[in-house]
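A.B. asks: One structure follows; several queries about it will come next.
In this note's numbering, the protein residues as written are 99 to 853.
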């Protein structure tokens, strides 16, 4: 039976519709009606053609899949139908419908307007003259061009099979292209993931999109090592949907036999395994860090899907190794390896997150900085190993006390930070924290810390780094008040800090421009009244004539480290002045020079002193170095050795400001010093009667017992002089005899006094 058009046997011009039987042949039948059918669109204005075509192909299978039919009775209706319907494999299109070229015009719209390039088009016509075959094939993207009269049932099947095979190949190429795009896109995305957890979740999402299933019903497991039972060594690191409850469990603990069996088989055989309704994908990794993904899949995976998944698994396995490497680097970048706490970068990010939350109506919070007092000295005295262990002990105690409610970090060598709610972070909670003694390797030691706090509602800093600077300003204020003190940040403190910063800037400028100068105050033997020495004192006067007090700029110089350079300059300047004094005829006058703890700590300090003496040409016995009691915290063995070297060379040493620092009889006797200087504050209190205890009366006999001379500074009155004489004080220094003077004035004063 054939489909025939207008013939001489049909003078009325109406088409006859029928099928001519070719020699008997059996067409393939549908074996499984559940297979997804090929969708065939019939476009013809003759309903009989629709019925005959569908009847002829009923029950036929093409490439082992059934056929289903869609119907349109005009070119315009076909266009509207194709806008709605997807996955049409073949279009059987009549040429002449509402117009003589309606079918040909529809081809252009299908390809260009709708962008449908995969569906194969078989052009059918009962009137070949309207569209010559060769010209039509050349001009239009069609699969075949047939007259209705030549389409026997077998030929219809042959033509349709060729078209469907062509359509399937085009779809597979598209799937391959899209799949490769997925692989490239996924690879790029995974490199930027924030960590192994995010990477694993991303793998689930990408595979779901890749094979067209929902991301629920997937579970990702990683083999942490291949030793022993795989079920014991595997951990669920990402799970979604109804598998979410297994997150973080070992595979042996997962109560789902299908999942466990699939993953174990995959990991043990180290290959991906496709089974009915599920697939287990294997991702090989370096150093036994293999992992696998279980997928419930309601449809069978095509061969192209399986091949692309193999490529996908290889690429993602490489990405997994890279992500683990990046994750390890991120841990190094955001964590302090010594004390196993977050570091400064991590802490700033945490503060930024809280700031963002506060801006959206979240609660206020507090940042506290805890700076270990005298940590450098502890290191010098007890060694760096002890210092490291102490820092770790502080970190563990902080974790125990604040770990559940706050973010804790170590942000610099001896400084920790806490971020938490106002109720959790306060001076009271921190004070209790440091009441307990720290015991490190059998050494018990109280640890004091200077603490600076800043509240998010007080600081106007909009970034974590700026808020940390505010807390640092508060720490500096706390240190100004002494050890173990607390200070809250305020705008007023910020102003004060800016002033100190400006002062340091001005001091550096003054030093570089030689605007600093040294004055000299006489020291007198109390019994004979003879001038036996002078003390070199640093002074600073601005170009406007304003004098900056030493107790204002010296602490700034010490905190900034500028004191090292200043101290070296003062030492050389004082020794040059000593030579000039001797040249003016005033011999046997020692030059006393103050040395800060920072200077004394410098490895090459002793050598510098010796070298300066040699350069200037002053005998060592005419130099005295004044050190404060705080040098004792550097470690007695180190201090004793340094002082012994100085005295062996003939240089004398004085303990300055005795009684104001770390006064301890246990170390005083071991310090190799020539003199003990009583601080001027005790001299003033002695004569004012404000003190219940007469410190000089206690210190003078003590110094003599230790075979030291005792010198009192700040003596201004005859009454003070007489009291000190009665106590047996050896030497005095103060305005009673002479104020600090420039070198020229000092020499003139010495001349006048000798006369």
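Even glycine gets a Cβ: it sits at the ideal position worked out from N, Cα and C.
With respect to the alpha helix (DSSP H) encompassing residue 831, which residues constitute its N-terminal and C-terminal limits?
C.D. replies: Not the alpha helix (DSSP H): residue 831 falls in the beta strand (DSSP E), residues 829-831.
A.B. asks: Apart from the five residues on each side of it in sequence, which residues of its chain come closer than 8 Å, Cβ to Cβ, to residue 509?
C.D. replies: Cβ within range, chain order: 441, 442, 445, 467, 515, 566.
A.B. asks: Buried or exposed: which applies to residue 624, given that a residue is buried once 16 or more other Cβ atoms fall within 10 Å of its Cβ?
C.D. replies: When all chains shown are included, residue 624 counts as buried.
A.B. asks: Consult DSSP for residue 722 and reduce its assignment to one of helix, strand or coil.
C.D. replies: DSSP places residue 722 in strand when its eight states are reduced to three.
A.B. asks: Could you check if residue 394 is buried or exposed, using at least 16 other CB atoms within 10 Å of its CB as the buried criterion?
C.D. replies: Per the 10 Å Cβ criterion, buried.
A.B. asks: So, at 7 Å on beta carbons, what are the nonlocal neighbours of residue 682 in its own chain, with the 5 sequence-adjacent residues on each side left out?
C.D. replies: Answer for residue 682: 845, listed in chain order.
A.B. asks: Please tell me whether residue 262 and residue 187 are closer than 8 Å, where the distance is taken between their beta carbons.
C.D. replies: Yes, Cβ-Cβ distance for residue 262 and residue 187 is below 8 Å.
A.B. asks: If you follow the beta strand (DSSP E) that residue 364 is in, where does it begin and where does it stop?
C.D. replies: Not the beta strand (DSSP E): residue 364 falls in the alpha helix (DSSP H), residues 355-367.
A.B. asks: From this set, 800, 436, 728, 199, which residue's C-alpha is nearest residue 474's C-alpha?
C.D. replies: Residue 728 is the option with its Cα nearest to residue 474.
A.B. asks: List the endpoints of the continuous alpha helix (DSSP H) containing residue 170.
C.D. replies: Run containing residue 170: none in the alpha helix (DSSP H); it sits in the beta strand (DSSP E), 165-170.
A.B. asks: Below 8 Å, how does it come out for the stretch 816-824 and the stretch 599-617: are there three or more Cβ pairs, yes or no?
C.D. replies: With the cut-off at 8 Å, the stretch 816-824 and the stretch 599-617 do not touch.
A.B. asks: Tell me, please, whether the CB atom of residue 796 is closer than 8 Å to any CB atom in chain C?
C.D. replies: Looking for chain C here will not work: only one protein chain is present.
A.B. asks: Pick from 710, 548, 620: whose alpha carbon is nearest that of residue 812?
C.D. replies: Looking at the Cα atoms, 620 is the closest of the given residues.
A.B. asks: With three or more beta-carbon pairs closer than 8 Å as the criterion, would you say the stretch 800-818 touches the stretch 645-661?
C.D. replies: No, they do not touch.
A.B. asks: What is the DSSP secondary structure of residue 438, counted as helix, strand or coil?
C.D. replies: Three-state result, residue 438: coil.
A.B. asks: Go ahead and pull the three-state DSSP assignment for residue 653.
C.D. replies: Looking at residue 653 - three-state DSSP - the assignment turns out to be helix.
A.B. asks: So residue 553 and residue 464 are in contact, right, with Cβ under 8 Å, and what is the actual spacing, rounded?
C.D. replies: Yes, they are in contact, since the Cβ atoms of residue 553 and residue 464 sit about 5 Å apart, within 8 Å.
A.B. asks: Out of 636, 259, 603, 511, state which residue places its alpha-carbon closest to the alpha-carbon of residue 618.
C.D. replies: Out of 636, 259, 603, 511, 636 has the C-alpha closest to the C-alpha of residue 618.
A.B. asks: Along the chain, where does the alpha helix (DSSP H) containing residue 671 start, and where does it finish?
C.D. replies: Here the alpha helix (DSSP H) through residue 671 covers 660-681.
A.B. asks: Pull up the distance between the alpha-carbon of residue 210 and that of residue 216, whole angstroms please.
C.D. replies: If I take the Cα positions, the gap works out to 12 Å.
A.B. asks: Helix, strand or coil: how does DSSP classify residue 201 here?
C.D. replies: It is helical.
A.B. asks: Would you identify the three-state DSSP class for residue 448, choosing helix, strand or coil?
C.D. replies: Helix at residue 448.
A.B. asks: In angstroms with no decimal places, state the Cα-to-Cα distance between residue 404 and residue 414.
C.D. replies: Distance between the alpha carbons of residue 404 and residue 414: 15 Å.
A.B. asks: Give the DSSP bridge partners of residue 811, in chain order.
C.D. replies: DSSP output for residue 811 lists 831 as bridge partner(s).
A.B. asks: Would residue 139 and residue 176 qualify as a contact pair, given that the criterion is a beta-carbon distance under 8 Å?
C.D. replies: In this structure, residue 176 lies closer than 8 Å to residue 139 by Cβ.
A.B. asks: Helix, strand or coil for residue 122? Go by DSSP, reduced to three states.
C.D. replies: In this prediction, residue 122 scores a pLDDT of 45, lower than 50, which makes its location untrustworthy; no coordinate-derived value is stated.
A.B. asks: Taking residue 142 as the reference, which of 426, 189, 379, 490 has the closest Cα?
C.D. replies: Considering only alpha carbons, the answer is 189.
A.B. asks: Can you tell me whether DSSP reads residue 613 as helix, strand or coil?
C.D. replies: If DSSP states are grouped into helix, strand and coil, residue 613 belongs with coil.
A.B. asks: Hey, out of 736, 585, 592, whose CA is closest to residue 564's CA?
C.D. replies: Checking every option, the nearest Cα to that of residue 564 belongs to 592.
A.B. asks: For the stretch 508-538, list the alpha helix (DSSP H) runs that are entirely contained and at least 4 residues long, ordered along the chain.
C.D. replies: Runs of the alpha helix (DSSP H) inside the stretch 508-538: 525-531.
A.B. asks: Where does residue 690 fall in DSSP's three states?
C.D. replies: In this structure, residue 690 counts as strand in the three-state DSSP scheme.
A.B. asks: For residue 501, is the classification buried or exposed, using 16 other Cβ atoms within 10 angstroms of its Cβ as the cut-off for buried?
C.D. replies: So residue 501 ends up on the exposed side.
A.B. asks: Could you give the distance in angstroms between the alpha-carbon of residue 595 and the alpha-carbon of residue 571?
C.D. replies: The alpha-carbon atoms of residue 595 and residue 571 are separated by roughly 7 Å.
A.B. asks: Is residue 738 closer than 8 Å to residue 770 when the C-beta atoms are compared?
C.D. replies: Yes; because the gap between Cβ atoms is below 8 Å, this pair is in contact.
A.B. asks: With residue 376 and residue 392 assumed to form a contact (beta carbons below 8 Å), what rounded beta-carbon distance in angstroms separates them?
C.D. replies: Between residue 392 and residue 376 the Cβ distance is about 7 Å, and since that is below 8 Å, they are a contact.
A.B. asks: Measuring only the C-alpha atoms, how far is residue 479 from residue 492?
C.D. replies: Approximately 19 Å, taken between the alpha carbons.
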